[in-house]
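Remarks on the structure that follows.
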Amino acid sequence: MIDRKFIGREFAPQEQTISRWKVSQFANAIRDFNPLYYDVDEAKNQGFKDVIVPPTFFTTIALSDPKFFTKLKIDFRKLLDGGREFKYYSQCCAGDTIIYQTRVENIVEKQGKRGPFDIVSSITTGRNKETNEKVFDQIHNWVVFH
């Protein structure tokens, strides 16, 4: 059982500068060959300052703290990804630095066929460091069996 004291806990903010290479690598991995992810000139012709990031790019930023699971005392052998949802607020391009931070939104105990489990809901919010504009919210649910 995950300790409910973690509800509301905010983890230390982290930052990442988005590189063209990371954008093209990610777009290639998901087999999306939109030229806006690869071609700077095409992106600029479309009104962007550089290549844009694909919508699911921020799955690479799952949490702001790499020790999230350790701090919540979650055993990886009992962990399942319960799904995620994104909300986008502004476009991110290569060269942007994103500051992101994770907060535990809720921890709910449920009963299933395999016994009791917790659903840990977290939200990671990303902001553009230069403009302070909110770029995304990533809502993530983790299923942790007892």
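Each number in this note's numbering comes from the position in the sequence shown (counting from 1) with 593 added on.
Glycine included, each C-beta is placed from N, C-alpha and C at the ideal position.
Where does residue i sit, in a helix, a strand or coil, going by DSSP?
i, result
"Val646", "coil"
"Glu608", "strand"
"Phe738", "strand"
"Lys727", "strand"
"Asn621", "helix"
"Arg602", "coil"
For the putative contact between residue i and residue j, defined by C-beta atoms under 8 Å, what is the C-beta separation to the nearest angstrom?
i, j, result
"Tyr693", "Thr724", "Contact doesn't hold; Cβ gap of about 15 Å is too wide."
"Val737", "Val713", "6 Å"
"Ala605", "Asp643", "That belief does not hold up - the Cβ atoms of Ala605 and Asp643 are roughly 28 Å apart, past 8 Å."
"Gln684", "Phe641", "7 Å"
"Ile595", "Ile654", "Going by Cβ atoms, the distance from Ile595 to Ile654 rounds to 22 Å, so no, they are not a contact pair."
"Leu629", "Ala622", "16 Å between Cβ atoms; not a contact."
Taking its Cβ as the centre, do 16 or more other Cβ atoms sit within 10 Å of residue i, making it buried, or is it exposed?
i, result
"Arg720", "buried"
"Trp735", "buried"
"Asp689", "buried"
"Ser715", "buried"
"Pro647", "buried"
"Thr695", "buried"
"His739", "exposed"
"Gln731", "buried"
"Leu665", "buried"
Run through the DSSP bridge pairs and tell me what residue i is partnered with.
i, result
"Asp548", "Residue 548 lies beyond the stretch modelled for the chain, which goes from 594 to 739, so this question has no answer here."
"Arg720", "Ile692, Lys727"
"Ile732", "Glu678, Ile716"
Does any CB atom of chain E fall closer than 8 Å to the CB of residue i?
i, result
"Phe604", "In the structure shown, chain E does not exist; there is a single protein chain."
Whole beta strand (DSSP E) runs in the segment 630 to 706 with 3 or more residues, listed along the chain? 672 to 681, 690 to 705
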